[in-house]
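Following: one structure in structure tokens, then a few remarks.
Here is the structure:
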């Protein structure tokens, strides 16, 4: 990448669609624009209405564009869901150069060799993430470029997903008159931003608790080793509040954001609010303690399910404990409940950039950081220039025939 580039990430969530514009200046990332919109057409992280989702994407992108004065034509899109699977693979090639110096071409060929795996017809490779390289049997090499050798091997993780999920995601972005520069696995992107090198080495569970789902990503020995999605999140808390206070879901969501507290012990009895009851114009007064008595059991259940799923994956007692992120963990008192239920060290990860210091932005900012680190040699075309909407659409249409091939090869350049 050049010294001054624009990278735009698109995080399509259950409650919000977020477009984040990052500027990379000499390797340093500055967040220069943020746009968010209410997410319509998404249920539990899956697209259920394409037109509504397109409107949400356009609204978020327009918001970000107005903030910066740059028109966006190309985005990196986050992908997640319970259809994502990880698979180990191994690739071997002979070094092609006469002087036996390993170059970019050799790395590309060994990554392609690792891609040769048997897959069911309904699944597709999203990306290949190298875990380590071996040169003539020597293990533990992160970057073999410039080394001398005869035989180059790679141990890699193949990320696969359901074709329908991948194609629908691409479809809504392209219908929004945007070009997909690449699909990024959210768990990898969040891990890049939220976890330290040591945490990834000793073993840590990263949990992104969103509105419709909680995504679990397990990192060990520096690599993503397992991922899973539980279909429970902040929406369930809002539903409980709506039932408990007998009010509309929209009002319950606002009350949760303004007065919500996940721990009864941390809630304030003198913090009171009035709620219009459903089916009448009568207002009833409640305290934050009343609200916490509704919220705490559901939050406890969410973390109990997360802990059970991590144990099912076989990573119950990792030294790094748990790192939480996502919009739902912004609620006061949630850390105390998480520590009680998970019975290990727990912290909340927050992006350290002006304008996005909120756990709900971890995935979006993580995508920008991930791309800037791993796409140095890729000509992404994301230069700082104004592109008209018409041009963006034409560009998108012209790239459609070969697009899936580009997505398939996306991670092959992640060195």
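Numbering (the working numbering), first residue to last: 1470 to 1884.
Where is the CB? At the ideal position from N, CA and C, for every residue including glycine.
Just so it is clear, the structure is predicted and the values come from calculations on it, not from any experiment.
Taking C-beta atoms as the reference points, residue 1776 and residue 1793 fail to come closer than 9 angstroms.
When only Cα atoms are considered, residue 1652 and residue 1574 end up about 23 angstroms apart. Residue burial is scored here from C-beta neighbours: residue 1797 has at least 16 other C-beta atoms within 10 angstroms and is therefore classed as buried.
When C-beta atoms of the segment 1615-1622 are compared with those of the segment 1511-1519, fewer than three pairs fall below 8 angstroms, so the two segments do not count as touching. Within the DSSP bridge table, the entry for residue 1478 names 1489 and 1545 as partners.
Counting along the chain, residue 1807 sits inside the alpha helix (DSSP H) bounded by residues 1803-1811. Annotated as proximal: residue 1681 and residue 1702, with beta-carbon spacing under 9 angstroms. The beta-carbon separation of residue 1644 and residue 1591, rounded to 23 angstroms, does not stay under the 8 angstroms limit for a contact.
Just so you know, the alpha carbons of residue 1567 and residue 1687 end up roughly 41 angstroms apart. For residue 1560, the beta-bridge partners assigned by DSSP are 1623.
Closest option to residue 1656, judged by alpha-carbon separation, among 1675, 1638 and 1667: 1675. For secondary structure counted as the alpha helix (DSSP H) over 4 or more consecutive residues, the segment 1722-1808 holds these complete runs in sequence order: 1757-1782. Here residue 1719 is exposed. Its C-beta has fewer than 16 other C-beta atoms within 10 Å. Under the Cβ criterion (8 angstroms, minimum of three pairs), the segment 1707-1719 does not count as touching the segment 1816-1825. Counting along the chain, residue 1578 sits inside the alpha helix (DSSP H) bounded by residues 1573-1583. Below 8 angstroms, too few C-beta pairs join the segment 1517-1526 and the segment 1587-1606 to call them touching: fewer than three. By the CB criterion at 9 angstroms, residue 1635 and residue 1554 fall outside the cutoff. Using a Cβ distance threshold of 9 angstroms, residue 1565 and residue 1626 do not count as a contacting pair. From the listed residues 1843, 1698 and 1561, the smallest Cα separation to residue 1548 is found for 1698.
In this structure, DSSP gives residue 1641 a helical state, which the three-state scheme calls helix. Here DSSP, grouped into helix, strand and coil, assigns residue 1676 to strand. The three-state reading of DSSP puts residue 1822 in coil, since its state is none of H, G, I, E or B. Comparing alpha-carbon positions, the option among 1639, 1478, 1764 and 1500 lying closest to residue 1725 turns out to be 1764.
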